[in-house]
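Visitor: Dumping the structure here so I can ask a few things about it.
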Amino acid sequence: MSNPSITLRTGQVKGKMAKIIELKNISKTYHLEKVDVPVLHNISLDVTEGEFIAIMGHSGSGKSTLLNILGLLDKPSSGTYTLASNEVSHLSDAQLATVRNKFLGFVFQSFNLLPRMSALENVLMPLVYSENGKKDSSFIKKNHNNAIKFLEKVGLGDRINHKSNELSGGQQQRVAIARALINNPTLILADEPTGNLDSKSSAEIIEILKELNDSGITIVMVTHEADLAQAATRTITLQDGVIISDKKNKKEINKKVIVSAEGFSKNISHHIFKLNRIKDYFFQAIRALMSNKTRSALSILGVLIGVTGLIAMLALGRGAQETTRKQLANLGSNILMVMPGSSMRGGVSLGAGTVTRFTLQDVTEIKEKVPGVKMVAPYVTGRVQIVYNGKNWNTRIEATTGNYQYLRNAVPVQGRYFTDEETTTRAKVVVIGKTVKDQLFVDTNPLGEFVKINKIDFQVIGILPTKGSSGFRDEDDKVQMPINTAMFRVLGKEYIDSMDVQTIDESVMDDVSKRIIKLILQLHRQPESNTNTINIRNLADIQETVASTMKTFAYLLGSVAFISLLVGGIGIMNIMLVSVTERTREIGLRKAIGANNKDILFQFMIESVVICVMGGLIGIILGSLISISLSMFAGWQTEVSFSSILLASTFSVLVGLIFGTWPARKASLLNPIEALRYE
Ligand code: ADP
Ligand code: MG
26 MSNPSITLRT GQVKGKMAKI IELKNISKTY HLEKVDVPVL HNISLDVTEG EFIAIMGHSG
86 SGKSTLLNIL GLLDKPSSGT YTLASNEVSH LSDAQLATVR NKFLGFVFQS FNLLPRMSAL
146 ENVLMPLVYS ENGKKDSSFI KKNHNNAIKF LEKVGLGDRI NHKSNELSGG QQQRVAIARA
206 LINNPTLILA DEPTGNLDSK SSAEIIEILK ELNDSGITIV MVTHEADLAQ AATRTITLQD
266 GVIISDKKNK KEINKKVIVS AEGFSKNISH HIFKLNRIKD YFFQAIRALM SNKTRSALSI
326 LGVLIGVTGL IAMLALGRGA QETTRKQLAN LGSNILMVMP GSSMRGGVSL GAGTVTRFTL
386 QDVTEIKEKV PGVKMVAPYV TGRVQIVYNG KNWNTRIEAT TGNYQYLRNA VPVQGRYFTD
446 EETTTRAKVV VIGKTVKDQL FVDTNPLGEF VKINKIDFQV IGILPTKGSS GFRDEDDKVQ
506 MPINTAMFRV LGKEYIDSMD VQTIDESVMD DVSKRIIKLI LQLHRQPESN TNTINIRNLA
566 DIQETVASTM KTFAYLLGSV AFISLLVGGI GIMNIMLVSV TERTREIGLR KAIGANNKDI
626 LFQFMIESVV ICVMGGLIGI ILGSLISISL SMFAGWQTEV SFSSILLAST FSVLVGLIFG
686 TWPARKASLL NPIEALRYE
């Protein structure tokens, strides 16, 4: 791993002041689209520790450019810059960030405080990016005390918890100075620190800088006010990128330089990413989100809706699956459902009369001639009007034989089912479902009562067990009667609609269905090839069909939820991009005080992940609530599974990562000087 560590050493010799800055033939040219703008020309300059340098010059003479180069925010086009005996041109961006964080303090004309933070928090900010190993409680406490000490030093001891935008300009600049001091800098760079201040505040700020210089910190300050420059020990004047004068002021150079030797001899390695920074980033993200609540809420909404949909849809899907599974399990696994087949073969109509319609004779023959058949229950269905005591109800007839009650778990809960004898004699008896009972009989016991169906009196002999609803059909809204009664007295049908054949066990099912087809074709004098005029299905087939329908359904629902998550993600990306633009200056400042690209990248990534995770969490709760209320009020079975919660959480984190990457990358690649200059 290439992780070269550098050592900043002043090479201080006893009794002799060391050079902290050595510039040799520094030139800087900005390359615009078509033209080159030369700004600095062959600047050579030495600064000794303990000096207080004022750089003067007209606007546009290159003062800020020079200061930015000194502050490692910008690189010269040519020439060498040696900072504390280290040639800085070979340092990586991350190392430069570390040097800025540890050895330099910046004071800007426009203060650059973060408005939503207190004075104290602003002062503590550079510590987010310092790599002092473990940030344990003693470290935090020590720096807390230091921050308060520095705020007191600049005269703001009574304002430490004020939000920075509640402070006056002069007070804000004092906070900025305290911030520059928090990492015990060796060199403070100030670019027109009094440019936005009235003369009284200006004088106070200069006084503070002088005191700092007296305590041993080297200061380079840009100003264009001559009387402020008087405070400095040396004044350098720039004109059109060239030093035109360099004067020592009368004032003695500070002799008691107590250069923080410890700071200078420490090794700086690459800014190593540390886990405990995540915690800092996380708090920064929460702060940023809290500072613009409406916008954060709106961006959370997109993911929230997606996740809510995902959870509710998965719960519904699972519920439906579970219901179907139970209903199918009720049927028993050794039942064949025999229905007339389609009259089409290979897309060609076989013509009328080729549909096989079963008769009661077929049923008898199957029962007698096909080995392996245990029971056969034929069906005829139709709709009828049923009347009792002036009350009318339209319901479905399911007419069959006595076997049905065992085949389909329909043994009456009250009374009895009809017998085979009643079937052959076309007895006028009826077994009713719960819905019919509720509709016609309020207080009376239906058993033994007579109802009218097609003007014929039927005696109620039993009440069917409740089955609930399957999809849209109420399975309890029906009456059952002997099939012969229904065919010849009520519905006037000659043929039966379908039949259920129960085999002795599952192993013979294939064989039985082949034999049934063969037998029926024989009985109806149809060619053996007409097999598809009879449709036989077993439970496994139906289960397979249902399962594949469910799967399609689940994919459909899933893709709807996925699309809403996608839309939510795009919304978040949009808002993050706006946020990056809005906070360009903040990003510039963070870089100036020691954040490297990775720090900025992570900060914004975590912000977008936090938005998504919040949306995800609320969505999971909301989706579960919706599922529960659907079960409670609409009677749909739902099931919120752990796996769907896991899926939703994973998705929200992924959306945050995927859609946060671009804005975060954009933020991390911002050039610090341009970012600081951004209006
Ligand atoms: P001062 O701080 O002395 O007022 P600056 O150092 O800010 O001057 O700028 C010096 C010159 O360099 C100006 O003419 C300015 O227009 C030009 N300049 C500064 N920054 C850039 C840049 N990023 N791109 C092009 N020209 C620049
Ligand atoms: Mg300037």
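Position one of the sequence shown corresponds to residue 26 (my numbering), numbered consecutively onward.
Where a beta carbon is used, it is the ideal one built from N, C-alpha and C, also for glycine.
Note that the coordinates shown come from a computational prediction; the quantities given were computed from them, not determined experimentally.
Put His549 into one of helix, strand or coil per three-state DSSP.
Guide: Coil at His549, not helix or strand.
Visitor: By how many angstroms is the C-alpha of Pro218 removed from the C-alpha of Gly87?
Guide: About 16 Å.
Visitor: In the DSSP assignment, find the alpha helix (DSSP H) that holds Phe710 and state where it starts and stops.
Guide: This structure cannot settle anything about residue 710, because the visible part of the chain is limited to 26 through 704.
Visitor: Between Lys291 and the rest of its own chain, which residues show a CB-CB distance below 7 Å, the 5 nearest in sequence each way excluded?
Guide: Unreliable placement is indicated for Lys291, whose pLDDT of 43 sits below 50; the coordinate value is still reported in the next sentence. Excluding sequence neighbours, Lys291 sits near nothing in its chain.
Visitor: In whole angstroms, what is the alpha-carbon distance linking Gly371 and Thr449?
Guide: With a pLDDT of 47 at Gly371, under the threshold of 50, the predicted position of this residue should be treated as unreliable, and no value is reported.
Visitor: Report the rounded CA-to-CA distance for Ala692 versus Thr606, giving the unit in angstroms.
Guide: Answer to the nearest angstrom: the Cα atoms are 8 Å apart.
Visitor: If distances are taken between C-alpha atoms only, which option among Phe684, Phe676, Thr686 and Arg702 comes closest to Thr333?
Guide: Taking only the C-alpha atoms, the option nearest Thr333 is Phe676.
Visitor: Mind the definition here: the segment 131-141 touches the segment 190-205 only if three or more C-beta pairs lie below 8 Å; say whether that holds.
Guide: With the cut-off at 8 Å, the segment 131-141 and the segment 190-205 touch.
Visitor: The alpha helix (DSSP H) with Phe578 in it runs from where to where?
Guide: Phe578 -> alpha helix (DSSP H) spans Leu564 to Glu607.
Visitor: Where does His66 sit, in a helix, a strand or coil, going by DSSP?
Guide: Residue state, collapsed to three classes: strand.
Visitor: Do you know offhand how far Leu544's Cα is from Val395's?
Guide: Going by the C-alpha atoms only, they are around 8 Å apart.
Visitor: Please state if the CB of Gly685 and the CB of Val638 are separated by a distance shorter than 8 Å.
Guide: No. Outside cutoff.
Visitor: For Leu92 and Ser669, I'd like the C-alpha separation in whole angstroms.
Guide: Looking at the two C-alpha atoms, the distance is approximately 56 Å.
Visitor: Please report the distance separating the alpha-carbon of Gln547 from that of Glu519.
Guide: Looking at the two C-alpha atoms, the distance is approximately 19 Å.
Visitor: Run the CB neighbour count on Gln410, radius 10 Å, all protein chains shown included, and call it buried at 16 or more, exposed below.
Guide: Exposed.
Visitor: In the DSSP assignment, the alpha helix (DSSP H) including Gly194 goes from what residue to what residue?
Guide: That run of the alpha helix (DSSP H) goes Gly194 to Leu206.
Visitor: So the beta strand (DSSP E) Val363 belongs to, where does it begin and stop?
Guide: First-last of the beta strand (DSSP E) with Val363: Ile360 to Pro365.
Visitor: Going by DSSP, what residue range makes up the beta strand (DSSP E) through Lys459?
Guide: Unbroken run through Lys459 is the alpha helix (DSSP H), Lys459 to Leu465; no beta strand (DSSP E).
Visitor: DSSP on Asp624, reduced to helix/strand/coil?
Guide: Three-state result, Asp624: helix.
Visitor: Does any heavy atom of the ligand ADP sit closer than 7 Å to the C-beta of Leu57?
Guide: Within the cutoff, so yes.
Visitor: Report whether the distance from the Cβ of Val62 to the nearest heavy atom of the ligand ADP is below 7 Å.
Guide: Yes, since a heavy atom of the ligand ADP falls inside the 7 Å radius drawn around the Cβ of Val62.
Visitor: If we count Cβ pairs, one from each stretch, closer than 8 Å, do we get three or more for the segment 320-332 versus the segment 577-594?
Guide: Yes, since at least three Cβ pairs between the segment 320-332 and the segment 577-594 fall closer than 8 Å, the two stretches touch.
Visitor: Below 8 Å between beta carbons: does that hold for Leu516 and Gly660?
Guide: For Leu516 and Gly660, no; Cβs fall outside 8 Å.
Visitor: Roughly how many angstroms lie between the CA atoms of Ala256 and Gly85, to the nearest whole one?
Guide: Each residue's alpha carbon lies about 23 Å from the other.
Visitor: With C-beta atoms as the reference, is Val504 less than 8 Å away from Ile457?
Guide: Against a cut-off of 8 Å, the Cβ pair of Ile457 and Val504 comes out as a contact.
Visitor: What number of angstroms, rounded off, separates the C-alpha of Leu465 from the C-alpha of Gly415?
Guide: Between Leu465 and Gly415, the C-alpha separation is close to 9 Å.
Visitor: Using the Cβ count rule (16 or more neighbours within 10 Å means buried), how would you classify Ile360?
Guide: Buried is the call here.
Visitor: What is the DSSP secondary structure of Gly87, reduced to helix, strand or coil?
Guide: Looking at Gly87 - three-state DSSP - the assignment turns out to be coil, as it is neither helix nor strand.
Visitor: Distance, Cα to Cα, Gly344 vs Leu335?
Guide: Using only the alpha carbons, I get a separation of about 14 Å.
Visitor: Would you check if the segment 433-440 and the segment 474-490 touch, i.e. whether three or more CB-CB distances between them fall below 8 Å?
Guide: Yes: at least three Cβ pairs fall under 8 Å.
Visitor: How is the beta strand (DSSP E) around Gly685 delimited, first residue to last?
Guide: Careful: Gly685 lies outside any beta strand (DSSP E), inside the alpha helix (DSSP H) at Phe667 to Ser693.
Visitor: Compare the beta carbon distance of Met524 and Pro403 with 8 Å and say whether it is the shorter of the two.
Guide: Their beta carbons are under 8 Å apart, which means Met524 touches Pro403 by this criterion.
Visitor: Taking just the CA atoms, how far does Thr123 sit from Thr243?
Guide: Going by the C-alpha atoms only, they are around 19 Å apart.
Visitor: Consider the C-beta atom of Ser52 and the heavy atoms of the ligand MG; say whether any pair is separated by less than 7 Å.
Guide: No - the ligand MG has no heavy atom lying nearer than 7 Å to the Cβ of Ser52.
Visitor: Hey, is Ser135 close to the ligand MG, as in C-beta under 7 Å from one of its heavy atoms?
Guide: Flag unset: Cβ of Ser135 not near the ligand MG.
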